[in-house]
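Chemist: After the structure tokens below, expect a handful of questions from me.
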Amino acid sequence: SWLAKPWINLRGLEFLVHGWSTCFRSVRSLLFIQITESYTNSKIVKHLPDWFPGAGFKQIGRLWGSTLSELTERPYAFVKHQMAEGVNEPSFLSDLLQQPISNADDLFTVKCSAMSLFAAGADTTVSSLSCFFLAMILFPEAQKKAQEEIDRVVGTDRLPGVADRPNLPYLNAMVKEVLRWHPVAPMCLPHMTTEDDICEGYFIPKGSYIMPNVWFFTHDPAVYHNPMQFKPERFLATEKQIPEPDPHTLVFGFGRRICPGRLLADTALFTNIAQALSVFQIGKAIENGQEIDPVVEFLPGVVSHPAPFKASIKPRSLHHEGLIRSIEQAHPWQKSDSKLMQNIVF
377 SWLAKPWINL
387 RGLEFLVHGW
397 STCFRSVRSL
407 LFIQITESYT
417 NSKIVKHLPD
427 WFPGAGFKQI
437 GRLWGSTLSE
447 LTERPYAFVK
457 HQMAEGVNEP
467 SFLSDLLQQP
477 ISNADDLFTV
487 KCSAMSLFAA
497 GADTTVSSLS
507 CFFLAMILFP
517 EAQKKAQEEI
527 DRVVGTDRLP
537 GVADRPNLPY
547 LNAMVKEVLR
557 WHPVAPMCLP
567 HMTTEDDICE
577 GYFIPKGSYI
587 MPNVWFFTHD
597 PAVYHNPMQF
607 KPERFLATEK
617 QIPEPDPHTL
627 VFGFGRRICP
637 GRLLADTALF
647 TNIAQALSVF
657 QIGKAIENGQ
667 EIDPVVEFLP
677 GVVSHPAPFK
687 ASIKPRSLHH
697 EGLIRSIEQA
707 HPWQKSDSKL
717 MQNIVF
């Protein structure tokens with residue numbers, strides 16, 4: 377069975393670089409998902425009473441199952457309802473539903489494709505943006521350089537957009553550094569080898585589960601100088617410096633299971649960072665007239681987030697405040713469909 381197959385982390389001794397306990401908990405969360413899925417689908421375990429010692433994972437499995445079902449079925453039912461009422465917005469799911477669906481397998485694929493697009497993108501992008509705000513507090517010089525570039529290239533009368541990206545090299549480097557400084561999935565996702573292999577003297581048999589230590593890859597001091605420092609300059613070429621490797625080749629996974637939404641995620645990250653820096657000043661929170669140093673801690677898990685921290689976020693000037701308010705007037709906040717979605721029957 378899969379439990380008998382070796383779990384190999386290439387260069388696993390470098391766990392010490394990140395802290396053993398954090399890496400262990402991240403690996404444990406992945407293992408627990410695999411164990412829970414494997415055993416809850418077992419014919420024997422289905423007949424195991426919940427009160428049986430060690431059977432608590434059955435309740436967790438049912439909870440995850442119902443959560444996943446709701447995450448898949450409720451948005452699907454909502455879009456179907458909106459389409460029937462003729463009030464739906466164009467979307468990935470509505471486009472798919474306009475195509476012929478001939479059998480249950482096709483319908484299942486449509487539902488899960490839409491769910492995966494949302495679920496995979498929501499949590500990961502939030503993590504990267506949280507890391508960005510934390511980095512701006514800890515490394516204000518990087519924020520200053522990015523804002524100077526935005527003001528020089530874009531000006532102060534509009535927000536930067538994707539069209540400005542080719543002319544904003546420092547900002548592009550900052551996006552790379554956000555991804556490198558704390559990768560969203562420090563241990564990536566498990567892969568299974570399709571043939572025997574040898575890596576650095578280790579024999580890896582076919583069928584082994586491989587967990588790429590992405591955190592170490594992006595913090596290897598032999599590859600990234602002063603890896604714990606947030607330095608977007610490391611990705612800029614100069615007469616005296618060759619750019620360090622682009623972390624995009626590491627943080628979005630590998631092979632056939634590379635993140636299919638990586639281009640969308642990268643664009644969303646650039647847009648959010650560029651527009652936030654263009655109008656806001658990000659700094660340490662102030663309480664009782666004193667600056668508060670943020671808590672620098674990262675939570676373990678398949679997707680790793682910074683621990684909650686306090687910050688000060690305010691308009692850079694009265695002019696920037698006016699730009700923010702003009703955008704609010706041009707694009708007023710619209711009421712969401714959350715209540716309608718809650719009442720959807722599926």
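Going letter by letter, the sequence shown gives residues 377 to 722 in this note's numbering. C-beta atoms are modelled at their ideal positions from N, C-alpha and C, and glycine is treated no differently. These numbers come from a predicted model, not from an experiment.
(1) Spell out the partners DSSP gives P682 in its beta bridges.
(2) Where does the unbroken alpha helix (DSSP H) through Y575 begin, and where does it stop?
(3) Can you say whether H695 is buried or exposed, counting buried as having 16 or more other CB atoms within 10 angstroms of its CB?
(4) Please check the pair D499 and V679, which I expect to be a contact at CB under 8 Å, by giving their CB distance rounded to whole angstroms.
(5) Give me the Cα-Cα distance between P621 and H601, rounded to the nearest whole angstrom.
(6) Just grab the DSSP bridge partners of S688 for me.
(7) What is the DSSP secondary structure of P484, counted as helix, strand or coil?
(8) Taking only the alpha-carbon atoms, compute the straight-line gap between P670 and V655 and give it to the nearest angstrom.
(9) Within this structure, are the beta carbons of G637 and L493 separated by less than 9 Å?
(10) Do you know how far the Cα of E571 is from the Cα of N589?
(11) In whole angstroms, what is the alpha-carbon distance linking V560 and S504?
(12) Considering just the uninterrupted stretch of the alpha helix (DSSP H) at Y546, what are its terminal residues?
(13) When burial is assigned at 16 or more other CB atoms within 10 Å of the CB, is K686 buried or exposed?
(14) Would you mind sorting E465 into buried or exposed? The rule is 16 or more other CB atoms within 10 Å of its CB.
(15) Tell me the rounded alpha-carbon separation between G583 and C575.
(16) Quick check on H457: does DSSP put it in helix, strand or coil?
(17) Less than 6 Å between C-beta atoms, sequence neighbours within five positions excluded: which residues of the same chain meet that for L469?
(18) To which residues does DSSP link Q666 through a beta bridge?
(19) Pick out whichever of A650, V554, Y585 and I649 has its Cα sitting closest to the Cα of F606.
(20) Starting from the Cα of H595, find the closest Cα among G677, H558 and L444 and give me that residue.
(21) If you count every other CB in all the chains shown that lies within 10 Å of the CB of I409, and 16 or more means buried, which is it?
(22) Can you tell me whether I662 is buried or exposed? The criterion is at least 16 other CB atoms within 10 Å of its CB, across all chains shown.
(23) Going by DSSP, what residue range makes up the alpha helix (DSSP H) through F786?
(24) Where does the unbroken beta strand (DSSP E) through R580 begin, and where does it stop?
(25) Whole angstroms is fine: what's the gap from L342's alpha carbon to C507's?
(26) If we call anything under 9 Å between Cβ atoms a contact, is T448 one with A644?
(27) Provide the residue span of the alpha helix (DSSP H) that contains Q523, from first to last.
(28) Short of 8 Å in beta carbon distance, which residues of its chain neighbour L612, apart from the five on each side in sequence? Order them along the chain.
(29) Could you check whether A522 and I649 sit closer than 9 Å to each other, using their CB atoms as the reference points?
(30) Could you tell me which residues DSSP pairs with H567 in its beta bridges?
(31) Contact between the region 474-491 and the region 511-527 is defined here as three or more beta-carbon pairs at a separation below 8 Å; is this criterion met?
(32) Given E667, which residues of its chain have a CB within under 6 Å of its CB, disregarding the five upstream and five downstream residues?
(33) In whole angstroms, what is the alpha-carbon distance linking I703 and S693?
(34) For D540, which residues of its own chain have a beta-carbon under 7 Å away from its beta-carbon, when the five flanking residues on both sides are left out?
(35) Check each candidate in F509, S714 and H681 and name the one with the smallest Cα separation from Q657.
Modeler: Judging by the given coordinates:
(1) By 1-based counting over the sequence shown, the position of residue 682 is 306. Answer is F674.
(2) If you number the sequence shown from 1, residue 575 lands on position 199. The amino acid at residue 575 is misidentified as Tyr; the sequence shows Cys. Where C575 is concerned, there is no enclosing alpha helix (DSSP H), although the beta strand (DSSP E) it sits in stretches over D573 to C575.
(3) Against the sequence shown, residue 695 aligns to sequence position 319. The residue in question, H695, is exposed, as its Cβ has fewer than 16 Cβ neighbours within 10 Å.
(4) Translated into positions along the sequence shown, residue 499 becomes position 123. Translated into positions along the sequence shown, residue 679 becomes position 303. That belief holds up - the Cβ atoms of D499 and V679 are roughly 5 Å apart, short of 8 Å.
(5) Locating residue 621 in the sequence shown gives position 245, counting from the first residue. Locating residue 601 in the sequence shown gives position 225, counting from the first residue. So the alpha carbons of these two residues sit roughly 11 Å apart.
(6) Position 312 of the sequence shown holds residue 688. G659, per the DSSP bridge assignment.
(7) Stepping through the sequence shown from its first residue, residue 484 is reached at position 108. The question names Pro, but residue 484 in the sequence shown is Phe. The answer is helix: DSSP assigns F484 an H, G or I state.
(8) In the sequence shown, the residue the question calls residue 670 occupies position 294. In the sequence shown, the residue the question calls residue 655 occupies position 279. Spanning the two alpha carbons is a distance of roughly 22 Å.
(9) The residue you call residue 637 lines up with position 261 of the sequence shown. The residue you call residue 493 lines up with position 117 of the sequence shown. Going by C-beta atoms, G637 is nearer than 9 Å to L493.
(10) Here the question's residue 589 lines up with position 213 in the sequence shown. Here the question's residue 571 lines up with position 195 in the sequence shown. Near 20 Å, if we compare the C-alpha coordinates of E571 and N589.
(11) By 1-based counting over the sequence shown, the position of residue 560 is 184. By 1-based counting over the sequence shown, the position of residue 504 is 128. If you take the alpha carbons of V560 and S504, they lie about 6 Å apart.
(12) Counting from one through the sequence shown, the residue named residue 546 turns up at place 170. Looking at the DSSP string, the run of the alpha helix (DSSP H) that includes Y546 is P545 to W557.
(13) By 1-based counting over the sequence shown, the position of residue 686 is 310. So K686 counts as exposed.
(14) In the sequence shown, the residue the question calls residue 465 occupies position 89. Looking at its Cβ environment, which holds fewer than 16 other Cβ atoms inside 10 Å, E465 is exposed.
(15) For the purposes of this step, residue 583 is taken as the residue at position 207 of the sequence shown. For the purposes of this step, residue 575 is taken as the residue at position 199 of the sequence shown. The straight-line gap from Cα to Cα measures roughly 15 Å.
(16) Taking the sequence shown and counting its residues from 1, the one referred to as residue 457 is at position 81. Correct three-state label for H457: helix.
(17) Taking the sequence shown and counting its residues from 1, one reaches residue 469 at position 93. Once the five neighbours on either side are set aside, the close Cβ partners of L469 are V455 and A490.
(18) Taking the first residue of the sequence shown as position 1, residue 666 is located at position 290. Bridge partners of Q666: E663.
(19) By 1-based counting over the sequence shown, the position of residue 606 is 230. Nearest option by C-alpha distance: V554.
(20) For the purposes of this step, residue 595 is taken as the residue at position 219 of the sequence shown. Comparing Cα-Cα distances from H595 to each of G677, H558 and L444, the minimum goes to H558.
(21) Locating residue 409 in the sequence shown gives position 33, where the first residue counts as 1. In this predicted model, I409 has a pLDDT of only 48, less than 50, meaning its place in the structure is not dependable enough to derive any value.
(22) Within the sequence shown, residue 662 is the residue found at index 286, counting from 1. I662 comes out exposed.
(23) Residue 786 is absent from the model: the chain starts at 377 and stops at 722.
(24) For the purposes of this step, residue 580 is identified with residue 204 of the sequence shown, where counting begins at 1. According to the sequence shown, residue 580 is Ile rather than Arg. Unbroken beta strand (DSSP E) run through I580: Y578 to I580.
(25) The structure shown has nothing for residue 342, since the chain only spans 377 to 722.
(26) For the purposes of this step, residue 448 is taken as the residue at position 72 of the sequence shown. For the purposes of this step, residue 644 is taken as the residue at position 268 of the sequence shown. Going by C-beta atoms, T448 is not nearer than 9 Å to A644.
(27) Mapped onto the sequence shown, residue 523 falls at position 147. Start and end: P516 to V529.
(28) What you label residue 612 is simply residue 236 of the sequence shown in a count that begins at 1. Cβ neighbours of L612 beyond the five flanking positions: P545, Y546, A549 and P619.
(29) For the purposes of this step, residue 649 is taken as the residue at position 273 of the sequence shown. For the purposes of this step, residue 522 is taken as the residue at position 146 of the sequence shown. Yes, they are a contact pair.
(30) As a first step, residue 567 is located in the sequence shown; it is residue number 191 there, counting from the start. Looking at the DSSP assignment, H567 forms a beta bridge with I586.
(31) no
(32) Locating residue 667 in the sequence shown gives position 291, where the first residue counts as 1. Result list for E667: K660, in chain order.
(33) Working through the sequence shown from its first residue, we reach residue 703 at position 327. Working through the sequence shown from its first residue, we reach residue 693 at position 317. Going from the Cα of I703 to the Cα of S693 covers about 16 Å.
(34) Taking the sequence shown and counting its residues from 1, the one referred to as residue 540 is at position 164. The answer, listed in chain order, is V529 and V530.
(35) Translated into the one-based positions of the sequence shown, residue 657 becomes position 281. Checked all of F509, S714 and H681; the closest Cα to Q657 is F509.
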